[in-house]
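Asker:
Residue numbers (this note's numbering): 3 to 314.
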């Protein structure tokens, strides 16, 4: 709700509203179906993403291809980071060490509730880990532009330069992003500031960011995610593909997109499946902690378990 403005109930309602405009159409009318998904109701990006993912899955199955191949991809093996939740320093250090023991070599550290404590957290985690562990920082809009520069300078003076700092300022603070980028060494990645190609173009044209974070729940599905990667390529800017706390279906779709645009999408933040205690999905895709491997099954390579089919 705090990112896209949606709830479970609103997503179900949006899908039910769109259904009459797409039921009965043939998959060969792919573009018409896409148009109907996106033109009959505004916003509702996660609900539209669910419909798009199902549509692309069906199209790939009709073509008897894995989705990534239908989209022109070839890469099948990927590595994701894992998120270290914000909390007390000792707990964050413990969680970081546990993640490394599970095979993760890239950690995304959640910060943003207290600037002074954030620096202490990052330094402590950095000092507790081997130098071959990559840190990504996500302040979740928690800092001002001036705080961001001060805090990043404090880290950089200690030779702590993260792979990126993600969305340090409010989503609508475009000038704040540019202010930061012009003053720090740490690369800047935009997340909540970018829901659409138009959002990204605005930031890229003024050179306000270094990287773009693509999430299917923000882009309303696969179509605009691919367009966003293509736009970033025009500006010679690399992308990360990320996710909310999502299940294997939408995460799988993100991996297929990463394969299709592997020259531009060079970073993955698709750890959601590893964070779930259970889920009702069977998949031929391997989700093994940091390792993700696509299969040769047609479509997404996922299906609901028999138990779900038996629910009335």
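Glycine included, each C-beta is placed from N, C-alpha and C at the ideal position.
1) Consult DSSP for residue 32 and reduce its assignment to one of helix, strand or coil.
2) Kindly list the residues whose CB is nearer than 7 angstroms to the CB of residue 226, restricted to its own chain and excluding five residues on each side of it in sequence; keep chain order.
3) Taking the C-alpha atoms as reference points, what is the distance between residue 108 and residue 8?
4) Classify residue 26 as helix, strand or coil using the three-state DSSP reduction.
5) Assign residue 222 to one of three DSSP states: helix, strand, or coil.
6) Work out the CA separation of residue 110 and residue 270 for me, nearest whole Å.
7) Does DSSP classify residue 244 as helix, strand or coil?
8) Looking at the unbroken alpha helix (DSSP H) that takes in residue 103, where does it start and where does it end?
9) Under the three-state reduction of DSSP, which class applies to residue 283: helix, strand or coil?
10) What are the uninterrupted segments assigned as beta strand (DSSP E) that are 3 or more residues long and contained completely in the stretch 116 to 159, given in chain order?
11) Below 7 angstroms CB to CB, which residues in the same chain sit around residue 300 once its five sequence neighbours on both sides are set aside?
12) CB residue 267 to CB residue 243, shorter than 9 angstroms?
13) Nearest-angstrom Cα distance between residue 205 and residue 171?
14) Given a cut-off of 9 angstroms, decide if residue 280 and residue 82 are closer than it, judged by their beta-carbon atoms.
15) Where do the ends of the beta strand (DSSP E) carrying residue 108 lie?
16) Report the CB separation of residue 354 from residue 156 in whole angstroms; it is logged as a contact under 8 angstroms.
17) On the DSSP letters alone, give me the boundaries of the beta strand (DSSP E) that residue 88 sits inside.
18) Who are the near neighbours of residue 40 in its chain, counting only those whose CB is closer than 7 angstroms to its CB and skipping five residues on each side?
19) Tell me residue 213's beta-bridge partners as DSSP assigns them.
20) Within 10 angstroms of the Cβ of residue 3, are there 16 or more other Cβ atoms? Answer buried if so, exposed if not.
21) Do you know offhand how far residue 89's Cα is from residue 99's?
22) Among the residues of its own chain, which have a CB less than 7 angstroms from the CB of residue 102, if the five just before and after it don't count?
23) When the Cβ atoms of the stretch 26 to 42 are set against those of the stretch 229 to 240, are three or more pairs found closer than 8 angstroms?
24) Under 8 angstroms by Cβ, that's how I've got residue 133 and residue 114 pegged, so tell me the actual separation to the nearest angstrom.
25) Among 292, 260, 265, 254, which residue has its Cα nearest to the Cα of residue 304?
26) Between residue 358 and residue 202, how many whole angstroms is the CB-CB distance? I'm expecting something under 8 angstroms.
27) Considering only DSSP beta bridges, list what residue 166 is partnered with.
28) Quick one: what's got a C-beta closer than 8 angstroms to residue 306's C-beta in the same chain, skipping five residues either side?
29) So that I know if they touch, is there some Cβ in chain C lying closer than 9 angstroms to that of residue 91?
30) For the beta strand (DSSP E) holding residue 305, just list the boundary residues, first then last.
31) Do you know how far the Cα of residue 249 is from the Cα of residue 56?
32) Would you kindly report the start and end of the unbroken alpha helix (DSSP H) that includes residue 201?
Answerer: In terms of the structure at hand:
1) helix
2) 198, 199
3) 30 angstroms
4) coil
5) coil
6) 11 angstroms
7) strand
8) 91 to 103
9) strand
10) 136 to 140
11) 62, 63, 66, 67, 68
12) yes
13) 14 angstroms
14) no
15) 108 to 112
16) Since the displayed the chain opens at 3 and closes at 314, residue 354 lies outside it and no answer follows.
17) Looking at the DSSP string, residue 88 is not in any beta strand (DSSP E), and its letter there is neither H nor E.
18) 50, 222
19) 191
20) exposed
21) 15 angstroms
22) 131, 135
23) no
24) Not quite, the Cβ-Cβ distance comes to about 25 angstroms (not below 8 angstroms), so this is no contact.
25) 254
26) The first residue shown for the chain is 3 and the last is 314, placing residue 358 beyond what the model contains.
27) DSSP, once it has assigned bridges, lists no residue as partnering residue 166.
28) 282, 283, 284
29) No chain C appears in this structure, which consists of one protein chain only.
30) 304 to 306
31) 14 angstroms
32) 199 to 207
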